[in-house]
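Trainee:
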Amino acid sequence: MRRSRISIVLFLLILALPVIALNFGGPKVMDWLTERTARFAPETPVTTEVEPAPQDPFQWLNDRPALRDVFIPNELTKARLVTVKKIVNAEALLESGEDMPSEALLELYAAARAPAQLMSYCTEIIATIGQSCDVVHTQSRQDRMGNWVLDGQLAYLPAAALGDPSTVENGQLFSTEVVLPYTGDLRPTNEPPSREAMLIQAQAICDELRDRLGNCVLSGVTFELIELWITDLEVLPADTNPERVEATVEFTVYADQMTFAENSFADLVAGLVGAN
Amino acid sequence: MTDDHRQKDFAHRLSRIAQERGEVVTPGQDGPKRDVSEFEYNIPRENHPIRNGIIWAIVLAAAGTGGYYGWSAVPADMKAALAALVSSDASIDGAALLPEDIPQTGTMSDQGPTLASPAVVTATDLLTLNDVVTQVSLPHENTVIRDIIPIVRNVSCELRAPLASEKIAGVRIENALLPAPLSAFSDQQLTEQVLQNIEAVTQGGVASGQAMALTGQKTSLDVFVTDTSAPLYLVLQNMGPGVIWNLQLAPDVEVAHVAMIGSDFSGVANLPADTTVEALLVADFVPPYQYGADDAPRACMIRPWRNPQPEWIGSLKTQAGSLTFQNQMYSYTKGYQAYNRWFTETLGVDAATNTITARDAAHVLLGPKPAEPFSYRSMAGQDIRMMEADNLFVGDATARRDAAERLHLDLLTAAVGGDISALNPPVMERKGP
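Sequence lines, in order, name chains A and B.
Using our numbering, the letters of the first sequence map in sequence onto residues 1367 to 1642.
Using our numbering, the letters of the second sequence map in sequence onto residues 7 to 439.
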């Protein structure tokens, strides 16, 4: 009696197990099966007559789309951007001696000239953190003072080594943003030397991260402009209101997720930024 | 399964002994058969309702779970195919179909009828050109016209009031399907187009040379008029690219006045000498359309929406549950209501009065089918009364396109500051290590 009951229960369990496994853990089961069967795949016979296919030095990255854009060392990507802003009046959009267009055409002029206007920021990037630089996105709008705000995104190829993410086991991308500290009461003036100093400061922190974790990428630097006003509606007199700049930097590393947590990465970067 | 023969053998022996004694033995009189276990000898079979219930519950739960996740994993098109196999009448009941399974036809679009030449759209039935006119000479891009006579657009969104003796009739479409031999656009349209092209390069990553030029190419539509019951007040309305309305009046037809309401620069050809004309450009009074903007009635809402009809494919898709078309048909309905309110206040009649509507058309007929086809009036050699535009080109189609492209290029060059390649500067490289 008992044996027959046990047999029926066992039979039903055997029947139900594949159904439950395939429905609740289908992908994992298939991955497991694929992995197991791959071990027994016959090896391709090596013939001396066939030339081996040229090895892609970045095959490891190409196989990992999430990492590729961050770490690929020879390609401008949207995973490494410097975001800049420039505020100019209508006259500054024009060449010297050029006639002022009608009001209706100013938006067109601002949009058309934004790439050239923002290309000057590439000079600073090339001088500090970049091997090459390109303006990949620009946008323009008129502010309430009638000035033209030019927003741009500049992709850059890092000049510094990024490290080798392929050596990391159980890797995961970690990113964190920090505002770079400044000395004194006021933020630095929005001028090329200030911005270059910020880029160098960011790269120094990234270099330290690379020394500790094996890799690091400056995945984003955002220069935010700050204008000082007497009140919300009243601007300071001309020449007494230099634009100030603040840099927010995003650091990205590929680290072992078993020994590293998101919070601990943010804490590590905050510590380095504070000590820098 | 076990099959224990010992009981049968014993019964057989008893039967044989009884026969030898001379007793009559009737087969099958062994008494009531006992329900015994198939596993243990001569033990009554036991019922296990709880055990069996649990087993069946597990089996059914596993099968149900598998079925649920399996059905969820089936692609939508395969589900529809399976549903169609099960339901044999799904194909004839529009409401039972998925929205994507209701296709547009050659003559019916999502937004209403689309009737190319030689179809003639009428209020009742569908005719062809031969039913209405003879000696047809359709316009083409290079048709030579005589002159362009500008129409000064109305400065307020009002139209001349119809006289009591006049009968209002009209046409309301989105696109005319015949070519027209002229191009026109405003400076603002040109600026907007150049801005779009610049942003395509600076934001969309499009190569500088792939920018799209504004052509301003117009279309035309034949308006056959056979209604002789009263002097007509024609209201010619369209929502798409500008239309040259080519009037084709049958004998004894009198057109007292023509009012054009267009979303783009439009004109009229073959206008009788004593017919007055006026024009409203939608952009002069209504901002560019944004979703929901025309839903509420408001002053000067002159964008000529059409009222959705049940046979529109968009209406069928709405019934089938498409949220996209529910929104679109809602916009058409509310837009039409707002437009109709302005129309009724301005002209004193409903916007549907004696009005032919279609999304796309090449020829329309206002009035009854003529007893005899009358002569077609070509656009060739005729004056065109045209809304004033900043840039207007006539003549050879290629020359018109070249002229428009030149304007486009001149403005782009001026905006960039001389060198168009500055829109997409070359990559800056570090020199040295």
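We put the CB at the ideal spot given by N, CA and C, even for glycine.
Source: prediction; values computed, not measured.
(1) Would the beta-carbon of threonine 282/B fall within 7 Å of that of histidine 263/B?
(2) In chain A, what lies closer than 7 Å to glycine 438/B by C-beta?
(3) Does glutamine 332/B come within less than 7 Å of chain A when only Cβ atoms are used?
(4) Cα separation between glycine 1637/A and tyrosine 74/B?
(5) Entirely within the stretch 305-375 of chain B and at least 4 residues each: give me those alpha helix (DSSP H) ranges in chain order.
(6) Runs of 3 residues minimum, wholly inside the stretch 1505-1570 of chain A: which ones carry the beta strand (DSSP E) assignment?
(7) For lysine 323/B, is the classification buried or exposed, using 16 other Cβ atoms within 10 angstroms of its Cβ as the cut-off for buried?
(8) Can you tell me whether DSSP reads alanine 1419/A as helix, strand or coil?
(9) Please identify, using Cβ separations under 8 Å, the residues of the stretch 183-205 of chain B that lie next to chain A, in order along the chain.
(10) If you draw a straight line from the alpha carbon of leucine 187/B to that of valine 433/B, how long is it in whole angstroms?
(11) Tell me the DSSP secondary structure of serine 427/B in three-state form.
(12) Could you tell me whether the Cβ atoms of alanine 279/B and methionine 266/B are closer together than 7 Å?
(13) In angstroms with no decimal places, state the Cα-to-Cα distance between glutamate 1628/A and asparagine 333/B.
(14) Could one say the Cβ of glutamine 296/B lies closer than 7 Å to chain A's Cβ atoms, at least one of them?
(15) If you measure between the beta carbons of serine 192/B and alanine 420/B, is that distance less than 7 Å?
(16) From phenylalanine 1589/A to glycine 248/B, what distance separates their C-alpha atoms?
(17) In three-state DSSP terms, what is cysteine 1582/A?
(18) Would you give the residue range spanned by the beta strand (DSSP E) that proline 119/B belongs to?
(19) Just checking: is the beta-carbon of threonine 208/B within a distance shorter than 7 Å of some beta-carbon in chain A?
(20) Could you pull the start and end residues of the beta strand (DSSP E) that lysine 440/B belongs to?
(21) Using a Cβ-Cβ cutoff of less than 8 Å, which residues in the same chain neighbour glutamate 1490/A once the five nearest sequence positions on both sides are dropped?
(22) Could you please give the first and the last residue of the uninterrupted beta strand (DSSP E) stretch that includes asparagine 252/B?
(23) Within the continuous alpha helix (DSSP H) that includes lysine 14/B, where are the two ends?
(24) Would you say aspartate 220/B reaches chain A, if we count a Cβ-Cβ gap shorter than 7 Å as a contact?
(25) Taking the alpha helix (DSSP H) that arginine 1479/A falls in, what are its first and last residues?
(26) Using the beta-carbon count (16 or more within 10 Å), is lysine 1452/A buried or exposed?
(27) Give me the Cα-Cα distance between leucine 1594/A and alanine 1458/A, rounded to the nearest whole angstrom.
(28) Exposed or buried, what is asparagine 1581/A when buried is set at 16 or more other beta-carbons lying within 10 Å of its beta-carbon?
(29) Could you give the distance in angstroms between the alpha-carbon of arginine 309/B and the alpha-carbon of glycine 341/B?
(30) Which of helix, strand or coil does DSSP assign to glutamine 199/B?
(31) Strictly below 7 Å CB to CB, what residues from chain A border glutamate 435/B?
(32) Just how far apart, CA to CA, sit threonine 234/B and glutamine 315/B?
(33) Evaluate the contact criterion for the stretch 1612-1631 of chain A versus the stretch 1537-1547 of chain A: three or more CB pairs, one atom per stretch, below 8 Å.
(34) Suppose you measure from the CA of tyrosine 295/B to the CA of aspartate 301/B; what does that come to, to the nearest Å?
(35) Using the three-state DSSP reduction, which class does tyrosine 239/B fall into: helix, strand or coil?
(36) Could you check whether the Cβ of isoleucine 61/B sits closer than 7 Å to any Cβ belonging to chain A?
Mentor: Reading it off the structure:
(1) Here the question's residue 282/B lines up with position 276 in the second sequence. Here the question's residue 263/B lines up with position 257 in the second sequence. Yes.
(2) By one-based count along the second sequence, residue 438/B stands at place 432. Correct list: empty, because the minimum Cβ distance to chain A is about 10 Å.
(3) Walking along the second sequence from the start, residue 332/B turns up at place 326. No, glutamine 332/B does not count as interfacial toward chain A.
(4) Here residue 1637/A corresponds to residue number 271 of the first sequence, with the count starting at 1. Here residue 74/B corresponds to residue number 68 of the second sequence, with the count starting at 1. For glycine 1637/A and tyrosine 74/B, the distance between alpha carbons rounds to 52 Å.
(5) 319-325, 329-353
(6) 1514-1524, 1537-1545
(7) Start at 1 with the first residue of the second sequence, and residue 323/B comes out as number 317. The residue in question, lysine 323/B, is buried, as its Cβ has 16 or more Cβ neighbours within 10 Å.
(8) Counted from its first residue, the first sequence places residue 1419/A at position 53. It is coil, neither helix nor strand.
(9) Asp193, Gln194, Thr197, Val200, Leu201, Ile204, Glu205
(10) Here residue 187/B is taken as the residue at index 181 of the second sequence, counted from 1. Here residue 433/B is taken as the residue at index 427 of the second sequence, counted from 1. Before going on, a small fix: residue 187/B reads as proline here, not leucine. If I take the Cα positions, the gap works out to 45 Å.
(11) If you number the second sequence from 1, residue 427/B lands on position 421. Of the three classes helix, strand and coil, the one that applies to serine 427/B here is helix, per DSSP.
(12) What you label residue 279/B is simply residue 273 of the second sequence in a count that begins at 1. What you label residue 266/B is simply residue 260 of the second sequence in a count that begins at 1. No. Outside cutoff.
(13) By 1-based counting over the first sequence, the position of residue 1628/A is 262. By 1-based counting over the second sequence, the position of residue 333/B is 327. Going by the C-alpha atoms only, they are around 43 Å apart.
(14) Mapped onto the second sequence, residue 296/B falls at position 290. Glutamine 296/B does not count as touching chain A.
(15) Stepping through the second sequence from its first residue, residue 192/B is reached at position 186. Stepping through the second sequence from its first residue, residue 420/B is reached at position 414. Taking 7 Å as the Cβ cut-off, serine 192/B and alanine 420/B do not qualify as a contacting pair.
(16) Counted from its first residue, the first sequence places residue 1589/A at position 223. Counted from its first residue, the second sequence places residue 248/B at position 242. For phenylalanine 1589/A and glycine 248/B, the gap between their C-alpha atoms comes out near 47 Å.
(17) As a working mapping, residue 1582/A is identified with position 216 in the first sequence. Three-state DSSP puts cysteine 1582/A in coil, outside helix and strand.
(18) What you label residue 119/B is simply residue 113 of the second sequence in a count that begins at 1. Segment 118-127, the beta strand (DSSP E) holding proline 119/B.
(19) Residue 208/B sits at position 202 when you count from the first residue of the second sequence. Taking Cβ atoms only, chain A reaches closer than 7 Å to threonine 208/B, which makes this a yes.
(20) As displayed, chain B neither begins before 7 nor continues past 439, which places residue 440/B out of reach and without an answer.
(21) Taking the first sequence and counting its residues from 1, the one referred to as residue 1490/A is at position 124. Same-chain partners within the cutoff: Pro1558, Arg1561, Glu1562, Leu1565.
(22) Start at 1 with the first residue of the second sequence, and residue 252/B comes out as number 246. Looking at the DSSP string, the run of the beta strand (DSSP E) that includes asparagine 252/B is 249-255.
(23) Start at 1 with the first residue of the second sequence, and residue 14/B comes out as number 8. Its alpha helix (DSSP H) spans residues 12-26.
(24) Here the question's residue 220/B lines up with position 214 in the second sequence. It should be pointed out that residue 220/B corresponds to leucine in this sequence rather than to aspartate. Not one chain A Cβ lies under 7 Å of leucine 220/B.
(25) Here the question's residue 1479/A lines up with position 113 in the first sequence. Element bounds for arginine 1479/A: 1472-1484.
(26) Your numbering for residue 1452/A matches position 86 in the first sequence. Label assigned to lysine 1452/A: buried.
(27) Against the first sequence, residue 1594/A aligns to sequence position 228. Against the first sequence, residue 1458/A aligns to sequence position 92. Each residue's alpha carbon lies about 21 Å from the other.
(28) Your numbering for residue 1581/A matches position 215 in the first sequence. Buried.
(29) Position 303 of the second sequence, counting from 1, holds the residue named residue 309/B. Position 335 of the second sequence, counting from 1, holds the residue named residue 341/B. Each residue's alpha carbon lies about 8 Å from the other.
(30) For this step, residue 199/B is matched to residue 193 along the second sequence. It is helical.
(31) In the second sequence, the residue the question calls residue 435/B occupies position 429. Ordered by position in chain A, the residues that pass the 7 Å Cβ test against glutamate 435/B are Ser1498.
(32) Looking up residue 234/B in the second sequence gives position 228. Looking up residue 315/B in the second sequence gives position 309. One C-alpha to the other measures close to 29 Å.
(33) yes
(34) Here residue 295/B refers to the residue found at position 289 when the second sequence is read from its first residue. Here residue 301/B refers to the residue found at position 295 when the second sequence is read from its first residue. Rounded to whole angstroms, tyrosine 295/B to aspartate 301/B spans 11 Å at the Cα level.
(35) Stepping through the second sequence from its first residue, residue 239/B is reached at position 233. In this structure, DSSP gives tyrosine 239/B an extended state, which the three-state scheme calls strand.
(36) Taking the first residue of the second sequence as 1, we reach residue 61/B at position 55. Judged by the 7 Å Cβ criterion, isoleucine 61/B is in contact with chain A.
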